[in-house]
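Numbering (this note's numbering), first residue to last: 1 to 564.
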């Protein structure tokens, strides 16, 4: 077989067979046009369902316009930064889209940040206003003088729900609900240059080092929504705008939830079904049963727990499209979920710097909605590059391009590529390319497979061990619910590492020496000798990042500290 290079775009053959366009025309519009368009076309369609209360698109637009007006009265001008630090609630959507309508750049802040990290991100972004939960007020008052904050706007989690209580005045803070109730929807008319003006700052990289904030323009974000929109059979969705819903369990303060749940739903004039706690699998399940959403984006941990939860009939999920991203999806999890739910669990890939989507196994998505085009669905693959996304794989040692089947670092470029790291345009880009740090391979059909992070590769006496490969083997063992492989320093060989794995067991299994030996035996049958784990540690739980990925860096740091 002839060598196939990424630059030859072998995925275009799949595009052609599926009747999928190679390229798309992208309008230059501000991000808030998503709500404007939905409210214009489908004013009475449901926009949000939150803890027993529902809202139309006409109501959502009014809320966002009122908040934009209030921000302008507080002195927010074009280019000012407005921080939003909330879980998935109507207040999040109102805060973000009201801020954008006022001409601000919105800074997304995790509610789980330590006080020191929150202060650092507020200082670095220069946020003038923050919208946050009322429980954060005392912490913010303590650091306010060390930042550029002029106004703290608070909200209760019960606001905008069926359990909403009267607004009570609080010293040193403004109430979001009060601002909206007392303000007319007369937002300022701000001229937005979509390709130049930064809509979003989102600090990323906290799991691998000091967080940086990619600058994502209005054009980056609207472009990525349109790229991803077509993957869900855009023509069919367009014909039924206003009649779909989306599970909103992935945190919106993470770019995956921001684009692939919130913004996709708004583009469809769809209903956001809010799940404030992404660990609440029962709430996700009940919302799916009650609303029958088209789209259920999640992370592997959520789908694993759903598949293993007692008392859930996963065949009730028929009709939704479960989609996994943000962390590696083990093929065994896909198979288990499909067996129990009788629907495909598809996978995609992205990163904050790319707004985030770059790859999707869209053939699996189409089959989930009843459109079988007879093309391959490959478990374990992140799928094909989405339209207008350039991809190359470079040899980790030489930097040269590699052919199909060979491993290389994946680099990316497209209209969804960030402007640079805040506050410097171009920073973090090399000739327009993002170097992802992810090791991948491409097969002859143009399907891509993520093998590991370059920083997570384990060096065993000069042999490269890819942690994801070990993880996937662990998941094939019947006792393993979740597993993570890391490299720990080898005290007998300076510069070398040993493989250690951390395992959570499925219900009905108990940690024992016999089970440990059985898992090691299983790994010996599947892995080369140098990749077989030297140590196994059984745990009741594993540390997770805010979006639900296993926090490998934290495990490694804990292990190194223990070794000291």
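Beta carbons: idealized from backbone N, C-alpha and C, even for Gly.
Range covered by the alpha helix (DSSP H) that runs through residue i
| i | result |
| --- | --- |
| residue 66 | 57-73 |
| residue 228 | 218-229 |
| residue 264 | 264-267 |
| residue 448 | Counting along the chain, residue 448 falls outside any alpha helix (DSSP H), though it belongs to the beta strand (DSSP E) covering 448-453. |
| residue 512 | First-last for residue 512: undefined, no H or E at that position. |
| residue 212 | No alpha helix (DSSP H) holds residue 212; DSSP gives it neither H nor E. |
| residue 123 | 115-125 |
| residue 550 | No alpha helix (DSSP H) contains residue 550, which DSSP labels as neither H nor E. |
| residue 354 | Here residue 354 belongs to no alpha helix (DSSP H), and DSSP marks it neither H nor E. |
| residue 204 | Run containing residue 204: none; DSSP gives neither H nor E here. |
| residue 302 | 300-308 |
| residue 94 | 90-101 |
| residue 141 | 137-143 |
| residue 368 | 362-368 |
| residue 18 | 11-18 |
9 Å Cβ cutoff, residue i in contact with chain C
| i | result |
| --- | --- |
| residue 48 | Judged by its chain identifiers, the structure shown contains no chain C, having just a single protein chain. |
Where the beta strand (DSSP E) through residue i begins and ends
| i | result |
| --- | --- |
| residue 293 | That residue, residue 293, is in no beta strand (DSSP E); it is neither H nor E in DSSP. |
| residue 392 | 390-394 |
| residue 503 | 497-505 |
| residue 151 | 151-155 |
| residue 442 | 434-442 |
| residue 349 | 346-350 |
| residue 538 | 535-538 |
| residue 132 | 129-133 |
| residue 412 | 408-413 |
C-beta contact flag for residue i and residue j at 9 Å
| i | j | result |
| --- | --- | --- |
| residue 225 | residue 204 | no |
| residue 106 | residue 48 | no |
| residue 271 | residue 244 | yes |
| residue 355 | residue 220 | yes |
| residue 416 | residue 436 | no |
| residue 537 | residue 480 | no |
| residue 519 | residue 250 | no |
| residue 566 | residue 346 | Because the chain is modelled from 1 through 564, residue 566 falls outside the range shown and cannot be assessed. |
| residue 488 | residue 560 | yes |
| residue 320 | residue 187 | no |
| residue 305 | residue 281 | yes |
| residue 18 | residue 373 | yes |
| residue 565 | residue 183 | Shown here, the chain extends from 1 to 564; a query on residue 565 therefore has no answer. |
C-alpha distance - residue i paired with residue j, whole-angstrom precision
| i | j | result |
| --- | --- | --- |
| residue 136 | residue 252 | 18 Å |
| residue 14 | residue 324 | 21 Å |
| residue 341 | residue 283 | 17 Å |
| residue 264 | residue 352 | 16 Å |
| residue 262 | residue 108 | 14 Å |
| residue 71 | residue 360 | 38 Å |
| residue 295 | residue 453 | 28 Å |
| residue 26 | residue 194 | 11 Å |
| residue 498 | residue 299 | 28 Å |
| residue 562 | residue 539 | 16 Å |
| residue 163 | residue 131 | 21 Å |
| residue 207 | residue 485 | Per-residue confidence for residue 207 stands at a pLDDT of 35, beneath the threshold of 50, marking its modelled position as unreliable; the derived number appears in the next sentence. For residue 207 and residue 485, the distance between alpha carbons rounds to 16 Å. |
| residue 269 | residue 6 | 36 Å |
| residue 357 | residue 31 | 16 Å |
| residue 330 | residue 101 | 41 Å |
| residue 393 | residue 528 | 24 Å |
| residue 88 | residue 51 | 11 Å |
| residue 191 | residue 564 | 57 Å |
Reference residue i, options the options, closest by Cα
| i | options | result |
| --- | --- | --- |
| residue 90 | 69, 431, 155, 105 | 155 |
| residue 111 | 332, 39, 83, 126 | 83 |
| residue 33 | 296, 22, 72, 96 | 96 |
| residue 122 | 134, 414, 151 | 151 |
| residue 316 | 338, 55, 199, 453 | 338 |
| residue 10 | 562, 343, 444, 522 | 444 |
| residue 308 | 186, 318, 213, 506 | 506 |
| residue 426 | 217, 19, 41 | 217 |
| residue 460 | 561, 301, 532 | 532 |
| residue 504 | 494, 483, 491 | 483 |
| residue 196 | 29, 76, 303 | 29 |
| residue 328 | 159, 396, 22, 468 | 468 |
| residue 254 | 129, 278, 190 | 278 |
| residue 302 | 493, 333, 273, 73 | 333 |
| residue 174 | 190, 161, 240, 73 | 73 |
Check: residue i C-beta below 8 Å from any heavy atom of the ligand NAD
| i | result |
| --- | --- |
| residue 278 | What this structure holds is no ligand at all, so the ligand NAD is not there to describe. |
Meets three-Cβ-pair contact criterion under 8 Å: the segment 134-149 and the segment 278-292: no
Cβ contact (3+ pairs, closer than 8 Å) linking the segment 414-429 and the segment 443-453: no
Inter-stretch contact (C-beta, 8 Å, three-pair minimum) for the segment 405-416 and the segment 427-440: Flag = yes, the segment 405-416 and the segment 427-440 touch.
Touching by the beta-carbon criterion (3+ pairs, under 8 Å), the segment 53-63 and the segment 74-81: no
Would the segment 460-474 and the segment 520-530 be scored as touching if the rule is three or more Cβ pairs under 8 Å? yes
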